[in-house]
Amino acid sequence: MNSQNCREAVLALADGTIFRGTAIGADGLSVGEVVFNTALTGYQEILTDPSYARQIVTLTYPHIGNVGINSEDEESDNIFAAGLVIRDLPLLASNFRSQKSLDDYLKEKGVLGIADIDTRKLTRILRQTGAQSGCIMAGDVSDDIALAAARGFLGLKGMDLAKEVTTDHNYSWAEHSWTRGLGHAAQDQSAGKYKVVAYDYGVKRNILRMLIDRDCELVVVPAKTSAEDVLAMQPEGVFLSNGPGDPEPCDYAIDAIEQIVATNVPVFGICLGHQLLALASGAKTVKMKFGHHGANHPVEDIKNNVVMITSQNHGFAVDENSLPSNLIATHRSLFDGSLQGIQRTDRPAFGFQGHPEASPGPHDAAPLFNHFIDLMEANRKALVE
């Protein structure tokens with residue numbers, strides 16, 4: 156970074172570790188669970204992913220900000236991450252789509268960040284101790300205040316954040332995936348072949364685009380929408396989105412999903428939606444040591460004996476040992492063996508822990524969206540017969 160006009164910042168961890176660096180973004184104080192993400196690209200998508208609510212994100216790739224910020228790569232309207240930790244902020248942001256610098260973007264959104272710290276050391280600490288509560292303080296800093304704030308944050312266990320990040324009203328979605336020259340072109344909603352209702356627990360825009368790409372007519376509803384209201388829309392499929400926090404406190408979602416699944420409407424859950432589907436089916440979830448956050452996670456497709464490289468972002472997981480007889484494991488992490496996918500044996504419902512929409516990341520798991528379409532098509536034919 157440019158040494159001129161540098162502002163001091165500190166990152167304090169609950170275990171007492173203090174990192175000193177340079178402030179980027181806004182001044183002030185912010186607390187959250189400190190996690191690390193190993194993706195090499197996609198910092199804008201990561202920051203605007205609602206799944207990062209109440210988390211301070213450490214990016215392990217050393218140079219962050221190279222390509223600036225543009226209006227087309229946001230996964231939501233806001234930055235949901237509680238803060239950003241990076242090694243180096245390049246002085247020049249260079250890309251044909253760039254509209255502003257990362258520093259300016261953080262300031263505009265009122266988000267704190269810290270640069271010029273040893274992110275390798277921080278990542279090693281988090282791997283050894285697990286994700287910790289932390290505090291970024293920028294501008295007028297105090298180690299004691301930052302440390303007290305870090306220790307005052309009790310973590311994400313037991314925290315229902317889906318209700319905080321969800322939309323407050325129903326809305327239709329029509330944008331396709333980005334293409335050069337067209338951007339995010341919109342389709343005529345009447346052209347959608349499959350009527351899908353998507354629960355917004357913190358949904359990423361690229362998930363919605365992937366559904367539109369597959370000829371879905373899409374309505375997004377708030378997290379607390381009742382099963383009765385959703386079924387009144389007569390959907391051919393129900394999608395359960397990603398989102399932040401602990402799934403267990405989301406009783407309203409678990410109850411609604413249980414009722415919807417019982418009607419035989421096809422259901423597809425991603426990330427938090429996958430965990431909620433598992434809970435609604437009788438399984439249990441657990442808090443992970445430091446979670447999975449990155450774009451290079453190998454996952455085994457158990458049935459097809461195929462390895463997929465996937466994008467991941469979760470701090471909780473479904474406990475495979477708790478699966479009832481009507482749930483089978485379909486995918487498993489090759490990093491730690493944790494459960495990555497489930498399928499109901501008695502209903503057309505399935506879930507995947509990773510992010511098949513990527514953004515950022517590889518598209519190896521994108522065919523899961525096709526499976527959702529196949530379930531709706533099969534259900535449609537069964538109803539006709």
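Quick note on numbering: the sequence shown equals residues 156 to 540 in this note's numbering. Using N, Cα and C, we set each Cβ at its ideal position, and we do this for glycine too. All values reported here derive from a predicted model rather than from experimental measurement.
For Asp-315, the number of other beta carbons within 10 angstroms of its own is at least 16, and it is reported as buried. Beta-carbon to beta-carbon, Val-296 and Val-420 are separated by about 53 Å, too far to satisfy the 8 Å threshold.
Cβ contact annotation for Met-292 (same chain, cutoff 6 Å, sequence separation greater than five): Val-165, Leu-184, Ala-301, in chain order. Contact between the stretch 517-526 and the stretch 429-437 is not established, with fewer than three Cβ pairs separated by less than 8 Å. Between the stretch 197-211 and the stretch 236-248 there are three or more C-beta pairs closer than 8 Å, enough to call the two in contact. By the Cβ neighbour-count rule, Gly-347 is buried, with 16 or more other Cβ atoms within 10 Å of its own. Secondary structure of Arg-369 (DSSP, three-state): coil. Between Gly-313 and Asp-401, the beta carbon gap of about 6 Å places them in contact (Cβ cut-off 8 Å). A contact is defined here as three or more CB-CB pairs under 8 Å, and the stretch 215-227 fails this definition with respect to the stretch 471-484. Pro-377 is bridged by DSSP to Asp-355.
Sequence-distant partners of Arg-502 (beyond 5 residues in either direction) whose C-beta falls short of 7 Å from its own C-beta, in its chain, are Val-416, Asn-419. Taken through DSSP and simplified to helix, strand or coil, Val-222 comes out as coil.
Look at Phe-174 here: in three-state DSSP terms it is strand. Residue environment for Asp-355: buried (at least 16 other C-beta atoms within 10 angstroms of its C-beta). Taken through DSSP and simplified to helix, strand or coil, Tyr-326 comes out as strand.
Rounded to the nearest whole angstrom, the C-alpha separation of Ser-466 and Gly-509 is 6 Å. When Phe-490, Asn-468, Ser-480, Asn-481 are compared, the shortest CA-CA separation from Val-462 is found for Phe-490.
In the DSSP assignment, Met-463 falls within the beta strand (DSSP E) that extends over 461-473. Annotation for Pro-522: the continuous alpha helix (DSSP H) segment containing it runs 522-539. According to the DSSP assignment, Ile-269 belongs to no alpha helix (DSSP H) but to the beta strand (DSSP E) extending over 267-270. Here Tyr-326 is exposed. Its C-beta has fewer than 16 other C-beta atoms within 10 Å. In this structure, Val-441 is the residue among Asp-456, Val-441, Gly-446 with its C-alpha nearest to the C-alpha of Asn-476. In its chain, beyond the 5 residues on either side, Pro-217, His-218 have a beta carbon closer than 6 Å to the beta carbon of Asp-243.
Judged by DSSP in its simplified three-state form, Gln-287 adopts strand. Gly-398 carries a coil assignment under DSSP once its states are collapsed to helix, strand and coil. Excluding its 5 nearest sequence neighbours in each direction, Arg-162 has C-beta neighbours in its own chain below 8 Å: Thr-177, Ala-178, Asp-182, Ala-293, Gly-294, listed in chain order. Per DSSP, Ala-435 is one residue of the alpha helix (DSSP H) stretching across 427-435.
Relative to the Cα of Met-531, the nearest Cα in the group Val-393, Arg-487, Ala-433 belongs to Val-393. Secondary structure remark: continuous beta strand (DSSP E) runs of at least 3 residues inside the stretch 190-234, in chain order: 210-214. Minimum Cα-Cα distance from Ala-353 among the listed residues Ala-433, Ala-533, Val-385 corresponds to Val-385.
According to the DSSP assignment, Glu-263 belongs to the alpha helix (DSSP H) that extends over 257-264. Distance from Ile-528 to Arg-369 at the Cβ level is roughly 5 Å; contact confirmed, criterion being Cβ atoms closer than 8 Å. Taken atom to atom, the span from the alpha-carbon of Ser-514 to that of Ile-425 is near 14 Å. Excluding residues up to 5 positions away in sequence, Leu-395, Val-473, Gly-496, Ile-497, Gly-506, Phe-507, Gln-508 lie with their Cβ nearer than 8 Å to the Cβ of His-429 in the same chain. Scanning its chain for C-beta atoms nearer than 6 Å, with the 5 sequence neighbours on each side dropped, one finds around Ala-169 the residues Gln-287, Ser-288, Ala-305, Arg-306, in chain order.
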